[in-house]
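Below: one structure, written as structure tokens.
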Amino acid sequence: MASTAPWSETRPTALIVLADGTVIEGRGLGAGGQAVGELCFNTALTGYEEILTDPSYAGQIVTFTFPHIGNVGANDEDIEDLHPAARAGAVGAVFRADISNPSNYRSASHFDEWLKRRGIVAIAGVDTRALTALLREKGAANAVIAHNPDGVFDVDALKAKAREWSGLVDLDLAKEVTSGQSQTWTETPWVWDEGYGNQDEPTTHIVAVDYGAKRNILRLLAGLGAKVTIVPAKTSADDILALRPDGIFLSNGPGDPAATAEYAVPMIQQLLKTEIPLFGICLGHQMLALALGAKTVKMHQGHHGANHPVKDFTTGKVEIVSMNHGFAVDGDTLPQGVEETHVSLFDGSNCGLTITGRPVFSVQHHPEASPGPQDSHYLFRRFANLIRSRRGEPALAE
């Protein structure tokens, strides 16, 4: 006998609405509400907590191409932003499947509860492979992610919100995620079953300009014997030099480098008049390039993942690196006296530079993220050796 029960369909409790009007339905997770940002995809297989707390992802919604998220739960050791209460990092997250129950001895809470506490709006049940293909074809997209447990949405209003958002171009987000005041960092890298250490006998002093710094960068600097003084993004060169640093570090961060350059470039140009060793990562790399007269460009889809091959021309080696950037230095605009040191083997884009004969260098990728797992840690030792050389001390083995 045929069933007479009425047809029923589960109402979606979350949506992704793109600026072109595309609507993607799914199941809501994490925080309720709405968030607008640039929709991108990340190809890493692990590290979802680190990814979502990386301040470089401010203003972005991250699509995870790996289908299983949540299996290691969440804990307070794996976050990367300096100020968790400020919730610097991604505003939204997109998953293929529902969040897995945690199965790891380091887990302190369920990942969904962690998303709620962080205020991150999330959606599951999305064909992330198809969405990734769409973003590869059309480029990173302005979008709104919305979560309402009742399944009630004003779709037209969401379309308008996505369409009217200005996007990341010309947007200075470093000022939104930087430290509010100077502080000292002494925490050293994590050791299995011991946790993080403390640098209580520093031999050098590094000033880190915080455009949205990640914790593990600072840990690796401290682990090489440095006392690290973190200063806000708009700190003047005179104030930095007054701290008498042995080295200066320019951190990673979010947004359009050309916008942050308005106040960062004059400061860096003044620092370059000294012989103090200087090292930049990600946005710091882009700031250095702009200070030297090069240009940056918006990328079609950006580089986001932990499986990117990069060649170091100074050693001839290829390393597997972590990347997270939607803008890049135009290698063709590097001025005379500035050498390209690293290049992406995916698309040939610039990934590093140095000033000929000067203790100054930078890279686009994230050597602290260690997908290799330590392919790129030599860069921190290279920086330490520039400092040691200036002080007349023997070099560390790279």
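Here our numbering is used: position 358 in the sequence shown is 363, and no number is missing along the way. C-beta atoms are modelled at their ideal positions from N, C-alpha and C, and glycine is treated no differently.
C-alpha gap between residue i and residue j, whole angstroms
i    : j    : result
T68  : A167 : 17 Å
C45  : P259 : 14 Å
A299 : Q291 : 9 Å
E169 : K143 : 18 Å
A102 : I245 : 47 Å
A129 : T70  : 12 Å
A113 : R393 : 41 Å
T319 : T279 : 24 Å
D159 : A151 : 10 Å
P207 : S349 : 35 Å
E344 : P107 : 46 Å
P372 : D198 : 23 Å
F116 : G331 : 27 Å
Q306 : K180 : 24 Å
A374 : D155 : 39 Å
D243 : V157 : 54 Å
P60  : A91  : 10 Å
Y2   : D335 : Beyond the ends of the chain as shown, which are 6 and 403, falls residue 2; an answer cannot be given.
A490 : I281 : With the chain running from 6 to 403 in the structure shown, residue 490 is simply not present.
L384 : N390 : 10 Å
V22  : H88  : 30 Å
A19  : D352 : 34 Å
G52  : F366 : 27 Å
R141 : A24  : 16 Å
K316 : E398 : 29 Å
Neighbourhood of residue i by C-beta, 6 Å cutoff - its chain only, sequence neighbours within 5 removed
i    : result
S105 : H73, G75 and N76
P376 : A311, I325 and S327
G252 : I211, P282 and I392
R123 : R92
T359 : E344, T346 and F366
A49  : G310 and A311
Reduced DSSP secondary structure (H/G/I, E/B, other) of residue i
i    : result
N3   : The structure shown does not extend to residue 3, since the chain is modelled only from 6 to 403, so the question has no answer here.
N106 : coil
V157 : coil
V174 : coil
W119 : helix
F318 : coil
L87  : coil
T133 : helix
S66  : Reading off the sequence, residue 66 comes out as Ile, not Ser. Three-state result, I66: strand.
T191 : coil
F332 : strand
Cβ-Cβ separation, residue j to residue i (assumed contact under 8 Å), whole Å
i    : j    : result
Y201 : T193 : 6 Å
T183 : G217 : 7 Å
A93  : D83  : With 8 Å as the limit, A93 and D83 do not qualify as a contact, their Cβ atoms being about 15 Å apart.
T234 : V212 : 5 Å
N203 : G37  : Incorrect: roughly 39 Å between the Cβ atoms, too far for contact.
G64  : L229 : Actually they are not in contact, since the Cβ atoms of G64 and L229 sit about 32 Å apart, beyond 8 Å.
P364 : R386 : Going by Cβ atoms, the distance from P364 to R386 rounds to 14 Å, so no, they are not a contact pair.
P237 : Q186 : 7 Å
L34  : A162 : The Cβ separation is near 22 Å, so there is no contact.
M304 : A333 : 5 Å
Sequence-distant residues of its chain with Cβ nearer than 7 Å to residue i (five each side left out)
i    : result
Q274 : A296
H137 : Checking the displayed sequence, the identity of residue 137 turns out to be Thr instead of His. Correct list, in chain order: F46, T68 and T70.
G26  : K164
Among the options, the one whose alpha carbon lies nearest that of residue i
i    : options                   : result
V302 : E85, V365, T346 and D175  : D175
V28  : P17, G38 and L34          : P17
A40  : A95, L50 and H305         : A95
H309 : T133, Y62, E30 and A79    : Y62
L293 : I281, P262 and K322       : P262
K219 : K232, N257 and A333       : N257
E30  : L50, T51, G78 and V99     : V99
G2   : P399, I66, T346 and V22   : Nothing about residue 2 can be read from this structure; the chain reaches only from 6 to 403.
G42  : T51, K164 and A227        : K164
L120 : G97, V131, R141 and L139  : G97
V368 : A162, F284, E403 and G362 : F284
H382 : D337, I360 and L223       : L223
L173 : R141, R32 and N147        : N147
V323 : D132, Q341, G397 and C356 : C356
P378 : A400, H313, T361 and P340 : H313
I125 : H370, T133 and I66        : I66
G362 : H370, A49 and Q341        : Q341
V149 : D132, A135, R134 and S171 : S171
Cβ shell of residue i (< 8 Å), same chain only, five flanking positions each side left out
i    : result
N80  : E54, R111, S112, A113 and S114
R32  : P17, T18, A19, D103, I128, A129 and G130
E118 : A79
A247 : none
A400 : N390, R393 and S394
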